[in-house]
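Novice: Residue numbers (full-length UniProt numbering), protein chains in the order written: chain A, 1 to 131; chain B, 1 to 416. The C-beta atom is built at its ideal place from N, Cα and C for all residues, glycine as well. Here the structure is a predicted model, which means the values were calculated and not measured. Okay, here's the structure, questions in a sec.
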């Protein structure tokens, strides 16, 4: 089963702490990512640029409004996502508890939602409409 | 088929239901991976037994029979549902394919299933109030209405908590397993917390007219025994000991009129000796392990009280020492308050009052009624009447529990 791990971190934390600390942390994290890959647990993921680079889109009064910045203003911001392949929730928790990134900021783990039924129903509706 | 045979089977099933349905349910939950399906399966299995056993005779291993019948009934249910919802067929196949049902009747694996269920119900990823409700529902077998009554909430609210927790277990795929040795301390702490919370809700009743709700304390002790039987870790022993030792004072703790009686004024002949003996033996076993924690230390304190024939003959220096250890193991201002009270008993009210005042100055206990009533009590003993009065009044403002309020009012009157 897939679990999406959202890694949160204080913006600029990596830039403001001593370089040696950042280097050690980043090296540790990449080493662990490699281990997850090797064991078939790393199903994808990406680091994100800082929240200052974000734009948020909202639908308001019948049109899309674009605003500067992230959706939620929180102390820690989403810093990256990792898609984990794990047996069950405990396994996902166990794998992410060992990820050195947890020392830099919290991880939120969410099980992936299975939309296959919803997609099938939608396809049925759409083909009915076509007919 | 004679009436008497049916009657016999019925009685036997009654006993089995009372003694075994919790275990059978736990195993079926693991086998079926679904709480509600398992609940129905338990009932279907007992109904089938009522029909078949008078005719075919009692099976050799009734529990194994009930588990395997329940499992087949659940697969039937899923197959019936599959006519309307194709995805159910896949689940039925998965359950059929799953191994392990052959071992369903063995004692060892059954105890193991209950333990797995406890760990699932007390999973830290579930909301705390959901953990308590689910444990009482699924492990103790209490009805939603019973749990709602015990926690002074409505059945729909409680049902919602249970549904949310069950949904999360299913959808996030929280497994039924005993955690690995590495995770055990933390996960076990979450389980013990739930058990102690249930106990305290029964023993201290955070609000309402009655001071003690015995049924909940009893359930917590049953849970404690279940844990001790399958996972005799020192803190598990410590918690059961603590609950037994507190429970031993139940009858002495309130007067016939429902008034609270403090430890020092309790009629110690009312203490339950059997529970005390069992509790003390458990504490000693936990202490020997040298891997004990805060539950064992609290139980050890309760044991020292239990061993004293009067409040005055209590080994107060030992209680102070145990509180000092407890304050290190689990730092908390409430523990420090209790230590201060023990110091007052051991070295005199003046020494205790100095500690209580220092604690109140720090601010964390300002809204805690027992801190003010303890201060009031020490001032009273020192003859500082007006200080005692204002502290009793402050305590009175801070508690909603009726018997405690009556107790404080009585103390205020006695000051006049």
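From this set, B:120, B:53, B:407 and B:10, which residue's C-alpha is nearest residue 261 (chain B)'s C-alpha?
Specialist: Start at 1 with the first residue of the second chain, and residue 261 (chain B) comes out as number 261. The shortest Cα separation from residue 261 (chain B) among B:120, B:53, B:407 and B:10 belongs to B:407.
Novice: What are the residues in the segment 161 to 178 of chain B lying within 7 angstroms of chain A by C-beta distance?
Specialist: Correct list: 171, 172, 173, 174, 175 and 177.
Novice: Can you give the beta carbon distance from residue 419 (chain B) to residue 374 (chain B), rounded, assuming they're within the 8 angstroms contact cut?
Specialist: Outside the modelled stretch of chain B, which goes from 1 to 416, sits residue 419 (chain B), for which no answer is possible.
Novice: Using a Cβ-Cβ cut-off of 8 angstroms (strictly less than) and excluding sequence neighbours within five positions of residue 101 (chain B), which residues of its own chain qualify?
Specialist: Counting from 1 along the second chain, the entry for residue 101 (chain B) is found at position 101. Summary for residue 101 (chain B): the model assigns pLDDT 49, below 50, so the residue's position carries little reliability, and this model does not support an answer.
Novice: Is residue 401 (chain B) helix, strand or coil when you go by DSSP?
Specialist: Position 401 of the second chain holds residue 401 (chain B). It is coil, neither helix nor strand.
Novice: State the start and end residues of the unbroken beta strand (DSSP E) segment that holds residue 2 (chain A).
Specialist: Counted from its first residue, the first chain places residue 2 (chain A) at position 2. First-last of the beta strand (DSSP E) with residue 2 (chain A): 2 to 9.
Novice: Output the distance between the C-alpha atoms of residue 245 (chain B) and residue 111 (chain A), rounded to the nearest integer angstrom.
Specialist: Indexing the second chain from 1 puts residue 245 (chain B) at position 245. Indexing the first chain from 1 puts residue 111 (chain A) at position 111. The alpha-carbon atoms of residue 245 (chain B) and residue 111 (chain A) are separated by roughly 43 angstroms.
Novice: Can you name the residues of chain A whose CB is closer than 8 angstroms to the CB of residue 190 (chain B)?
Specialist: Your numbering for residue 190 (chain B) matches position 190 in the second chain. By Cβ distance, chain A contributes nothing, its closest Cβ being about 13 angstroms from residue 190 (chain B), past 8 angstroms.
Novice: Within 10 angstroms of its Cβ, does residue 71 (chain A) collect 16 or more other Cβ (buried), or is it exposed?
Specialist: In the first chain, the residue the question calls residue 71 (chain A) occupies position 71. Exposed.
Novice: Within 8 angstroms (strictly less), CB to CB, does residue 127 (chain B) reach chain A?
Specialist: In the second chain, residue 127 (chain B) corresponds to position 127, counting from 1. Output row for residue 127 (chain B): interface = no.
Novice: Does any residue of chain A have a CB that is nearer than 8 angstroms to the CB of residue 209 (chain B)?
Specialist: Reading the second chain from its first residue, position 209 is the one you call residue 209 (chain B). In this predicted model, residue 209 (chain B) has a pLDDT of only 48, less than 50, meaning its place in the structure is not dependable; the value taken from the coordinates is given anyway. No, its Cβ sits nowhere closer than 8 angstroms to a Cβ of chain A.
Novice: To the nearest angstrom, how far is the alpha carbon of residue 418 (chain B) from that of residue 56 (chain B)?
Specialist: Any answer about residue 418 (chain B) is impossible in this case: the structure gives chain B only from 1 up to 416.
Novice: Determine which residues share a DSSP beta bridge with residue 254 (chain B) and list them.
Specialist: Numbered from its first residue, the second chain carries residue 254 (chain B) at position 254. Paired residue(s): B:260.
Novice: To which residues of the same chain is residue 116 (chain A) closer than 7 angstroms at the C-beta, ignoring the five residues directly before and after it?
Specialist: The residue you call residue 116 (chain A) lines up with position 116 of the first chain. Excluding residues within five positions, none has a Cβ falling inside 7 angstroms.
Novice: What separation, rounded to the nearest whole angstrom, lies between the Cα atoms of residue 178 (chain B) and residue 361 (chain B)?
Specialist: As a first step, residue 178 (chain B) must be located in the second chain, where it is residue number 178. As a first step, residue 361 (chain B) must be located in the second chain, where it is residue number 361. Rounded to the nearest angstrom, the two C-alpha atoms are 45 angstroms apart.
Novice: Where residue 136 (chain A) and residue 353 (chain B) are concerned, what is the direct C-alpha to C-alpha distance, given to the nearest angstrom?
Specialist: Residue coverage of chain A in this structure runs from 1 to 131, which leaves residue 136 (chain A) outside it and unanswerable.
Novice: Between the segment 312 to 323 of chain B and the segment 252 to 261 of chain B, can you find at least three pairs of beta-carbon atoms closer than 8 angstroms?
Specialist: They do not touch, by the three-pair rule.
Novice: With which residues is residue 64 (chain A) paired in a DSSP beta bridge?
Specialist: As a first step, residue 64 (chain A) is located in the first chain; it is residue number 64 there, counting from the start. Residue 64 (chain A) is bridged to A:59.
Novice: Just to confirm, does residue 188 (chain B) get its C-beta within under 7 angstroms of one of the non-hydrogen atoms of the ligand NAP?
Specialist: With respect to the ligand NAP, the structure shown offers nothing to examine, as it has no ligands at all.
Novice: Do three or more CB pairs link the segment 166 to 180 of chain B to the segment 125 to 137 of chain B at distances below 8 angstroms?
Specialist: The segment 166 to 180 of chain B, when compared against the segment 125 to 137 of chain B, does touch it at the 8 angstroms Cβ threshold.
Novice: Exposed or buried, which one is residue 90 (chain A) when buried takes at least 16 other CB atoms within 10 Å?
Specialist: Here the question's residue 90 (chain A) lines up with position 90 in the first chain. Looking at its Cβ environment, which holds 16 or more other Cβ atoms inside 10 Å, residue 90 (chain A) is buried.
Novice: Can you tell me the Cβ-Cβ gap for residue 86 (chain A) and residue 1 (chain A), rounded? I've got them flagged as a contact below 8 angstroms.
Specialist: In the first chain, counting from the first residue as 1, residue 86 (chain A) sits at position 86. In the first chain, counting from the first residue as 1, residue 1 (chain A) sits at position 1. Indeed, because the Cβ distance is near 6 angstroms, the residues count as touching under 8 angstroms.
Novice: Report the three-state DSSP secondary structure of residue 110 (chain A) (helix, strand or coil).
Specialist: Taking the first chain and counting its residues from 1, the one referred to as residue 110 (chain A) is at position 110. Strand at residue 110 (chain A).
Novice: At which residues does the beta strand (DSSP E) containing residue 81 (chain A) begin and terminate?
Specialist: Position 81 of the first chain holds residue 81 (chain A). Segment 77 to 85, the beta strand (DSSP E) holding residue 81 (chain A).
Novice: Does the CB of residue 309 (chain B) have a neighbour CB from chain A at under 8 angstroms?
Specialist: Counted from its first residue, the second chain places residue 309 (chain B) at position 309. False, the Cβ-Cβ gap to chain A never drops below 8 angstroms.
Novice: Rounded to the nearest angstrom, what separates residue 196 (chain B) and residue 75 (chain B) at their Cα positions?
Specialist: In the second chain, residue 196 (chain B) corresponds to position 196, counting from 1. In the second chain, residue 75 (chain B) corresponds to position 75, counting from 1. Approximately 37 angstroms between the Cα atoms of the pair.
Novice: Could you tell me whether the Cβ of residue 111 (chain A) comes closer than 8 angstroms to any Cβ of chain B?
Specialist: Position 111 of the first chain holds residue 111 (chain A). It does: the Cβ of residue 111 (chain A) has a partner Cβ on chain B nearer than 8 angstroms.
Novice: Since residue 1 (chain A) meets chain B, which of its residues come closer than 7 angstroms, beta carbon to beta carbon?
Specialist: Reading the first chain from its first residue, position 1 is the one you call residue 1 (chain A). Going along chain B in sequence order, the residues near residue 1 (chain A) (Cβ under 7 angstroms) are 173.
Novice: Could you name the residues that DSSP lists as bridge partners for residue 42 (chain A)?
Specialist: Along the first chain, read from residue 1 onward, the residue named residue 42 (chain A) stands at position 42. BP columns for residue 42 (chain A) point to A:84.
Novice: Along the alpha helix (DSSP H) that carries residue 71 (chain A), what are the first and last residues, could you check?
Specialist: Position 71 of the first chain, counted from the start, is the residue given in the question as residue 71 (chain A). From DSSP, residue 71 (chain A) is part of no alpha helix (DSSP H); its letter is neither H nor E.
Novice: Classify residue 156 (chain B) as buried or exposed, calling it buried when 16 or more other Cβ atoms lie within 10 Å of its own Cβ.
Specialist: Here the question's residue 156 (chain B) lines up with position 156 in the second chain. Flag for residue 156 (chain B) reads exposed.
Novice: Opposite residue 47 (chain A) in the DSSP bridges: which residues?
Specialist: For the purposes of this step, residue 47 (chain A) is taken as residue 47 along the first chain, with counting starting at 1. DSSP, once it has assigned bridges, lists A:80 as partnering residue 47 (chain A).
Novice: Where in the segment 110 to 142 of chain B do unbroken runs of the alpha helix (DSSP H), each at least 4 residues long, occur, reported from the N-terminal end onward?
Specialist: Whole alpha helix (DSSP H) segments, 4+ residues: 128 to 134.
Novice: By DSSP, does residue 146 (chain A) sit in helix, in strand, or in coil?
Specialist: Because chain A in this structure spans residues 1 to 131, residue 146 (chain A) falls outside the shown range and cannot be described.
Novice: So, does the segment 81 to 97 of chain B touch the segment 39 to 46 of chain B, judging by three or more C-beta pairs under 8 angstroms?
Specialist: Touching, no, given that fewer than three Cβ pairs across the two stretches are closer than 8 angstroms.
Novice: Using 8 angstroms for Cβ pairs, my map puts residue 93 (chain A) next to residue 5 (chain A). What's the rounded Cβ distance?
Specialist: In the first chain, the residue the question calls residue 93 (chain A) occupies position 93. In the first chain, the residue the question calls residue 5 (chain A) occupies position 5. At roughly 10 angstroms, the Cβ-Cβ gap does not stay under 8 angstroms, so residue 93 (chain A) and residue 5 (chain A) are not in contact.
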